[in-house]
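Numbering (this note's numbering), first residue to last: 221 to 407.
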């Protein structure tokens, strides 16, 4: 996970936007100690259509890395008022993740990455573990273009990526379909 890239970072605050308007946040707080790193995340957003909430997330997570390896992840989430969870531990003997999640229980390959936004490894991984439910989803990531975006009166040169589910049979609620803008000097 290249956790050493984050050794001088104590927090990342992200706005979640839809149609160019902020609808919530996803904030990450980093704690560093020797060869370990702990990240706490708090996410909350609502998608409204004609004033009616059609999708919502309220989530808290904690993930721990030792020597650049994910060893623990736990989340509690309310998605559309439905409770979801993930309890993940790294099993050193098996060299696998053991997942107890609301949508998946079992072993997972250590090449999977937690599907969160602080870790740029999400852009090179072939699959991700849902931070909401523990399900494993294969993904494709395509570089679209370099662009300049304006946030709060300041221009940023960014790289625009599209992350999508490989499985085309997922329902809209379960599919991965994200636009990601990364500042290559910061990400």
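All C-beta atoms, glycine included, are put in the ideal place defined by N, C-alpha and C.
{"Query": "Quick check on the DSSP output: the beta strand (DSSP E) that includes residue 289 runs from which residue to which?", "Result": "289 to 299"}
{"Query": "Inspect the beta-carbon positions of residue 249 and residue 257 and report whether they are closer than 8 angstroms.", "Result": "no"}
{"Query": "Taking residue 395 as the reference, which of 330, 405 and 383 has the closest Cα?", "Result": "383"}
{"Query": "So for residue 224, helix, strand or coil by DSSP?", "Result": "helix"}
{"Query": "Tell me whether the beta-carbon of residue 239 lies closer than 8 angstroms to the beta-carbon of residue 262.", "Result": "no"}
{"Query": "Taking C-alpha atoms, which residue in 323, 335 and 316 lies nearest to residue 281?", "Result": "335"}
{"Query": "In terms of residues, what are the limits of the beta strand (DSSP E) holding residue 340?", "Result": "No beta strand (DSSP E) holds residue 340; DSSP gives it neither H nor E."}
{"Query": "Which first and last residues belong to the beta strand (DSSP E) in which residue 325 is found?", "Result": "325 to 329"}
{"Query": "Does the beta-carbon of residue 226 have 16 or more other beta-carbons within 10 angstroms, so that it is buried, or is it exposed?", "Result": "buried"}
{"Query": "Tell me, which residues are paired with residue 243 by DSSP?", "Result": "DSSP lists no partner for residue 243."}
{"Query": "Below 7 angstroms CB to CB, which residues in the same chain sit around residue 378 once its five sequence neighbours on both sides are set aside?", "Result": "367, 369, 401, 402 and 403"}
{"Query": "Quick check: the segment 290 to 307 against the segment 340 to 347, are there 3 or more CB pairs under 8 angstroms?", "Result": "no"}
{"Query": "Report the option in 294, 329 and 295 whose CA atom is closest to the CA atom of residue 311.", "Result": "329"}
{"Query": "Taking 8 angstroms as the threshold (C-beta atoms), are residue 245 and residue 253 in contact?", "Result": "no"}
{"Query": "Do you know offhand how far residue 260's Cα is from residue 283's?", "Result": "7 angstroms"}
{"Query": "Which same chain residues end up closer than 7 angstroms to residue 235 when comparing Cβ atoms and leaving out the 5 residues on each side of it in sequence?", "Result": "242 and 245"}
{"Query": "Report all residues from its chain with a CB closer than 7 angstroms to the CB of residue 212; omit the five preceding and five following residues, and keep chain order.", "Result": "Here the chain comprises residues numbered 221 to 407, so residue 212 is not present and cannot be evaluated."}
{"Query": "May I ask you to check if the CB of residue 251 is nearer than 7 angstroms to at least one heavy atom of the ligand MN?", "Result": "As for the ligand MN, it is missing from this structure, which has no ligand bound."}
{"Query": "Leaving out the 5 sequence neighbours to the left and right, which residues in its chain are closer than 8 angstroms to residue 237 when beta-carbon positions are compared?", "Result": "243"}
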